[in-house]
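Under this note's numbering, the first residue of the sequence shown carries the number 1, and numbering increases by one thereafter.
No residue lacks a Cβ here, since even glycine has one placed at the ideal position from N, Cα and C.
No experiment lies behind these values; they were computed from the predicted model shown.
Down below is the structure, laid out as structure tokens.
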Amino acid sequence: MTSTRNKTIFVEKNDAKHFPIFRLPAITEKQNNDFFNKIYFGDSIVEIKKLPTDSVDLIVTDPPYTIRRNFGSGTISTNEKKFADWCERWISDCARILKQNGSIYICINWEASSIIESILKKHFIIQNRITWKRDKGRGAKKNWKNNLEDIWFATKSDDYTFNLNSVKIKKTVIAPYVDKSGKPKDWIEKNGEKFRYTHPSNIWTDLVVPFWSMPENTEHPTQKPEKLIERIILASSNENDLVFDPFMGSGTTAVVAKKLKRNYLGFEIEKKFYILAQKRLSLTK
Ligand SMILES: C[S@@+](CC[C@H](N)C(=O)[O-])C[C@H]1O[C@@H](n2cnc3c(N)ncnc32)[C@H](O)[C@@H]1O
């Protein structure tokens with residue numbers, strides 16, 4: 001039984017009736033962007049081929065990456081070679097559809113990280129590897145608890161969008177430095193607080209996985225925090241840009257893109273998660 005404080009979004013009995021199955025139509029060259037702002041039901045490997053070349057500003061994704069687990073009808077394989085071949089198929093298509101000044105971010109666990117790195121290298125310029133220190137993770141009896149996730153950041157060229165000021169981090173100033181006239185140097189004093197906005201690093205320790213009491217939480221088993229996707233979208237896209245996620249899951253990328261006034265588009269292969277994502281999007285203002 002769920003507690004009244006539990007805000008988790010679930011798929012309920014009648015939801016399938018309320019949320020129709022959208023399938024991405026064939027896109028003609030002359031078509032305007034009326035296929036934007038939808039999550040489509042289907043297999044990314046097939047559907048991504050319909051998207052025009054150089055049409056997407058930002059790709060943010062979190063593929064079904066556990067080599068040891070199976071995601072229902074998801075096309076993930078338990079074999080490393082098969083997994084690499086499968087990733088090559090969608091990553092090469094991501095390279096085709098991404099604009100010249102666009103960026104791609106791929107979230108991945110340590111086991112599959114080197115596979116993603118080697119494929120990304122073939123198609124993009126790798127700009128960074130971000131480490132997200134999650135505060136949750138299963139304990140292990142004979143191993144170290146897995147508390148990290150890699151987020152690979154790559155671009156098509158060296159001329160790419162990066163809105164540094166939107167993602168600077170507020171930091172308390174411990175030793176406030178003043179100039180000759182006694183004015184603060186590179187810091188701000190407000191309501192008795194001394195702080196500065198610093199450049200964000202590639203180690204992210206301030207983002208928690210969604211908990212059951214948070215309104216963003218859904219029943220999807222590997223949901224990403226909105227704040228994490230928000231940081232990526234703010235840095236690497238502008239309003240009205242198109243953000244694409246081939247593996248939408250509970251729809252986090254679409255929800256955050258919508259909140260930040262970006263266009264979005266993506267796919268989900270599991271009907272239950274597809275409906276979950278549609279429901280979550282319908283609750284997003
Ligand atoms: C790691 S989860 C993504 C979670 C998502 N970032 C979120 O915040 O909810 C990966 C998702 O990809 C879906 N998936 C697996 N293979 C797929 C495919 N070939 N095409 C589209 N979706 C697929 C799975 O059903 C799963 O929901």
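Nearest-angstrom Cα separation, counted from residue j out to residue i
i    : j    : result
I27  : D34  : 10 Å
I203 : I21  : 39 Å
T75  : V178 : Since pLDDT at T75 reaches only 47, below the 50 mark, its modelled position is unreliable, and no value is offered.
I91  : V243 : 15 Å
K17  : I59  : 30 Å
W144 : T205 : 18 Å
T61  : G249 : 10 Å
S201 : K13  : 44 Å
K287 : K190 : In the structure as shown, the chain starts at 1 and stops at 285, and residue 287 therefore has no counterpart that could be examined.
L283 : T253 : 14 Å
G72  : P184 : Confidence in G72 is poor, its pLDDT being 49 and thus under 50, which makes the residue's placement too unreliable to answer from.
V46  : S236 : 26 Å
L24  : K50  : 8 Å
Q278 : N146 : 31 Å
K259 : E226 : 10 Å
E29  : G266 : 19 Å
E43  : I269 : In the sequence as displayed, the identity of residue 43 is Asp instead of Glu. Cα to Cα, the separation comes out at about 5 Å.
R138 : K180 : 53 Å
S209 : T218 : Sequence check: residue 209 is Val here, not Ser. Roughly 11 Å between the two C-alpha positions.
K121 : D135 : 30 Å
Y160 : D57  : 10 Å
A140 : I151 : 23 Å
G182 : R196 : 17 Å
Among the options, the one whose alpha carbon lies nearest that of residue i
i    : options                : result
T198 : F41, Y105, W86, K170   : K170
A95  : A84, S55, I115, P64    : S55
K7   : F211, A140, P64, N101  : F211
K194 : I91, I174, F244, K136  : I174
L276 : P221, W86, S237        : P221
V255 : I39, L24, R23, N14     : I39
L164 : F36, L234, G139, P246  : L234
N37  : A257, I116, R134, R89  : A257
I9   : L228, W187, K285, M214 : M214
P64  : L98, A112, L51, P52    : A112
G192 : R89, I232, T172        : T172
G251 : D241, K227, L281, F19  : L281
P246 : I97, S166, R196, V167  : I97
S103 : C87, Q127, F267, K141  : Q127
C87  : T53, D57, H123         : H123
S166 : D159, R89, I232        : I232
E216 : D186, P176, D241, K285 : K285
Beta-carbon proximity of residue i to residue j, cut-off 8 Å
i    : j    : result
F41  : Y264 : no
E149 : C107 : yes
I130 : A154 : no
S157 : Q100 : yes
I48  : D93  : yes
R262 : E239 : yes
F83  : I115 : yes
L207 : W132 : yes
Beta strand (DSSP E) segment containing residue i, residue limits
i    : result
R196 : 193-198
I267 : Note on identity: in this sequence residue 267 is Phe, with Ile being the wrong assignment. Counting along the chain, the beta strand (DSSP E) containing F267 begins and ends at 263-268.
L58  : 56-61
L242 : 242-245
K272 : Unbroken run through K272 is the alpha helix (DSSP H), 271-282; no beta strand (DSSP E).
K224 : From DSSP, K224 is part of no beta strand (DSSP E); its letter is neither H nor E.
Limits of the alpha helix (DSSP H) - the one that residue i falls within
i   : result
D15 : 15-18
Beta carbon proximity, residue i to chain B, threshold 8 Å
i    : result
E239 : Any reference to chain B falls outside this structure, which holds one protein chain only.
- With a floor of 4 residues, list each alpha helix (DSSP H) that falls wholly inside the region 86-159, ordered by position along the chain. 110-123
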